[in-house]
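Encoded as structure tokens, the structure appears first; notes follow it.
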């Protein structure tokens, strides 16, 4: 449903995307995970036809080239923006109606689509309300309803859950899951929130304009054998060195922490604490997260 | 056909609905030209001479106010969804310009209610002609605002252009002194200034003095300039870019 081949984009001298390749199948929820400035937004803008790539390669959405057939792409995708694309001075209904008109919908067809979209996103009782009076979570739902009016095959969502409280976030992801399961919509979303990335079927991890890893969340996590042990210390560099000498283990130092990937982490913890008494301020153990995968591949943190 | 006119119509309607919900905007746009006019007009004991200029200023303020919103709207607002919809960009431009021009026109008509103070005595059919002229001027000035706003990243850039270009253009348009009394290069500037023709068109239709250049010339230049700006706006909006449109 989406195919990206050798896509490269430059802003002047700065390379924003370098040789990006991935494919999204019909009905998948696909995530682009990475820190701000990693290239997600650039990729999103190219896929949503807001700009054309400047460094070669191509992207197909719903079978159409985003650069050569933007109008065809626009007919088949719905776009949910990170920034609000709603008119706050208009009501929910008026926003939806304008959007329908932009897609050439009118009359009974448009009314039926609006009803359906409002019902699906739980907005029916707020239809007469000015968007200005709605909460952040509700506004995001109006954005999605708006993006669905023309029955797109693909929904592109840019940081859709940013700025929402946890309850609104869960609510949003339930609606997204519904869309995929009931309507078969293919969804591509950008995010820097791990919890949201974990719910995707497949992911690419983007860092400095490159794909550093891709796969299902499970596959990505299994790249790390065993557990992740995080040690906090005053002198992290020397601790890392001593761990290497004593245990023969490679570790990563970042943000005042030493991170070690190891099987049976609980045993390692007792050994390491006994080996270097007083050198360690705090100890943590967890099953691998996508953040750990990201750290392993890039040496940098997502947040 | 509907895929061209429907988007344009919905954008036009949106401008009007928004305007209706923020009626205080009228006051801001009409009040300051009215105050300028009354001060200068009563001070120089010649309200008639400055009337057309003040009306054009009202229309210009309104056009600027409406088109400046394009800058914010494109980054964070309704225009974003327009840009990723299959509606033709030219249809979007037409809807936005016609919508903003209609608002400028309405505010120009409100200003027209003060015409009797300037000693204007015209018949009902003549008012229709004046209204037509005011719409043409509204359309042209909105087109100018659109062309300036489209490439701008910030509203402060727009304000700079307004102070450096639009206000001086208005000053040498016959709004403050007629072309007949202008000297040297300023007179030449007035000849090439499209706004001169707008003022003259108004003076002619309102039967006020200083209707030079002539009526037909003024009509053709004002309408021609407006159409040219519409064309440029359409071409600018249809351009593909490797920089983001938003």
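Protein chains in written order, with the numbering used here: chain W, 12 to 314; chain X, 53 to 298.
The beta-carbon is built from N, C-alpha and C at its ideal position, and this holds for glycine as well.
Because the structure is a prediction, the values reported are computed rather than measured.
Candidates the options: closest to residue i by CA position
| i | options | result |
| --- | --- | --- |
| residue 1 (chain W) | W:27, W:76, W:136, W:212 | In this structure chain W extends from 12 to 314, so residue 1 (chain W) is not present and cannot be described. |
| residue 121 (chain X) | X:151, X:243, X:94 | X:151 |
| residue 226 (chain X) | X:163, X:245, X:208, X:217 | X:245 |
| residue 124 (chain X) | X:203, X:266, X:272, X:262 | X:203 |
| residue 56 (chain W) | W:35, W:175, W:140, W:84 | W:84 |
| residue 101 (chain X) | X:294, X:286, X:263 | X:263 |
| residue 223 (chain W) | W:69, W:35, W:44, W:295 | W:44 |
| residue 54 (chain X) | W:112, W:180, W:236 | W:112 |
| residue 294 (chain X) | W:121, W:63, W:51 | W:63 |
| residue 179 (chain W) | W:195, W:149, W:265 | W:149 |
| residue 23 (chain W) | W:239, W:66, W:202 | W:66 |
| residue 267 (chain X) | X:228, X:131, X:182 | X:182 |
| residue 230 (chain X) | X:286, X:216, X:247, X:145 | X:247 |
| residue 259 (chain X) | X:185, X:158, X:292 | X:185 |
Within-7 angstroms CB hit, residue i to chain W
| i | result |
| --- | --- |
| residue 292 (chain X) | yes |
| residue 152 (chain X) | no |
| residue 62 (chain X) | yes |
| residue 136 (chain X) | yes |
| residue 239 (chain X) | no |
| residue 139 (chain X) | yes |
| residue 57 (chain X) | no |
| residue 130 (chain X) | yes |
| residue 54 (chain X) | yes |
| residue 66 (chain X) | yes |
| residue 133 (chain X) | yes |
| residue 73 (chain X) | yes |
| residue 101 (chain X) | no |
Element boundaries [beta strand (DSSP E), containing residue i]
| i | result |
| --- | --- |
| residue 14 (chain W) | 13 to 22 |
| residue 32 (chain W) | 25 to 35 |
| residue 268 (chain W) | 268 to 273 |
| residue 243 (chain W) | 238 to 243 |
Rounded straight-line distance, which links the Cα of residue j to that of residue i
| i | j | result |
| --- | --- | --- |
| residue 86 (chain X) | residue 199 (chain X) | 27 angstroms |
| residue 254 (chain W) | residue 234 (chain W) | 22 angstroms |
| residue 253 (chain X) | residue 281 (chain X) | 19 angstroms |
| residue 236 (chain X) | residue 103 (chain X) | 25 angstroms |
| residue 226 (chain W) | residue 154 (chain X) | 54 angstroms |
| residue 277 (chain X) | residue 172 (chain X) | 28 angstroms |
| residue 252 (chain W) | residue 262 (chain W) | 9 angstroms |
| residue 88 (chain X) | residue 188 (chain X) | 23 angstroms |
| residue 116 (chain W) | residue 161 (chain W) | 8 angstroms |
| residue 92 (chain X) | residue 146 (chain W) | 49 angstroms |
| residue 309 (chain W) | residue 217 (chain W) | 10 angstroms |
| residue 29 (chain W) | residue 110 (chain X) | 51 angstroms |
| residue 127 (chain W) | residue 140 (chain X) | 26 angstroms |
| residue 33 (chain W) | residue 278 (chain W) | 40 angstroms |
| residue 220 (chain X) | residue 210 (chain W) | 59 angstroms |
| residue 138 (chain W) | residue 78 (chain X) | 28 angstroms |
| residue 208 (chain W) | residue 47 (chain W) | 15 angstroms |
| residue 53 (chain W) | residue 21 (chain W) | 10 angstroms |
| residue 164 (chain W) | residue 140 (chain W) | 29 angstroms |
| residue 206 (chain X) | residue 35 (chain W) | 37 angstroms |
| residue 352 (chain W) | residue 228 (chain W) | The first residue shown for chain W is 12 and the last is 314, placing residue 352 (chain W) beyond what the model contains. |
| residue 172 (chain W) | residue 191 (chain W) | 17 angstroms |
| residue 331 (chain X) | residue 151 (chain W) | Past the edges of chain X, shown from 53 to 298, lies residue 331 (chain X), and the structure says nothing about it. |
Residue-chain proximity (residue i, chain X), Cβ-Cβ < 7 angstroms
| i | result |
| --- | --- |
| residue 77 (chain W) | no |
| residue 242 (chain W) | no |
| residue 279 (chain W) | no |
| residue 59 (chain W) | yes |
| residue 69 (chain W) | no |
| residue 346 (chain W) | Since the displayed chain W opens at 12 and closes at 314, residue 346 (chain W) lies outside it and no answer follows. |
| residue 33 (chain W) | no |
| residue 103 (chain W) | no |
| residue 345 (chain W) | The structure shown does not extend to residue 345 (chain W), since chain W is modelled only from 12 through 314, so no value can be given for it. |
| residue 258 (chain W) | no |
| residue 65 (chain W) | yes |
| residue 92 (chain W) | yes |
| residue 290 (chain W) | no |
Host alpha helix (DSSP H) of residue i (start-end)
| i | result |
| --- | --- |
| residue 112 (chain X) | 99 to 127 |
| residue 189 (chain W) | 177 to 194 |
| residue 172 (chain W) | Note, residue 172 (chain W): premise wrong, no alpha helix (DSSP H); not H, not E. |
| residue 86 (chain W) | 81 to 87 |
| residue 226 (chain W) | From DSSP, residue 226 (chain W) is part of no alpha helix (DSSP H) but of the beta strand (DSSP E) over 221 to 226. |
Just checking, does the segment 66 to 79 of chain X make contact with the segment 93 to 102 of chain W on the three C-beta pairs under 8 angstroms criterion?
In short, these stretches touch, since the Cβ pair count reaches three.
Three Cβ pairs or more, each shorter than 8 angstroms: is that satisfied between the segment 184 to 195 of chain W and the segment 38 to 57 of chain W?
A contact between stretches requires three or more CB pairs, one per stretch, nearer than 8 angstroms, and the segment 184 to 195 of chain W meets this requirement with the segment 38 to 57 of chain W.
Just checking, does the segment 102 to 119 of chain X make contact with the segment 181 to 201 of chain X on the three C-beta pairs under 8 angstroms criterion?
A contact is defined here as three or more CB-CB pairs under 8 angstroms, and the segment 102 to 119 of chain X meets this definition with respect to the segment 181 to 201 of chain X.
How about the segment 132 to 145 of chain X and the segment 205 to 225 of chain X: do they share at least three Cβ pairs that are nearer than 8 angstroms?
Judged by Cβ distances under 8 angstroms, the segment 132 to 145 of chain X makes no contact with the segment 205 to 225 of chain X, as fewer than three pairs qualify.
Three-pair Cβ contact test at 8 angstroms for the segment 119 to 132 of chain W versus the segment 148 to 160 of chain W:
As far as the Cβ criterion goes, the segment 119 to 132 of chain W touches the segment 148 to 160 of chain W, which means the pair count is three or higher.
For the segment 263 to 273 of chain W against the segment 238 to 247 of chain W, are there 3 or more C-beta pairs whose distance is under 8 angstroms?
When C-beta atoms of the segment 263 to 273 of chain W are compared with those of the segment 238 to 247 of chain W, three or more pairs fall below 8 angstroms, so the two segments count as touching.
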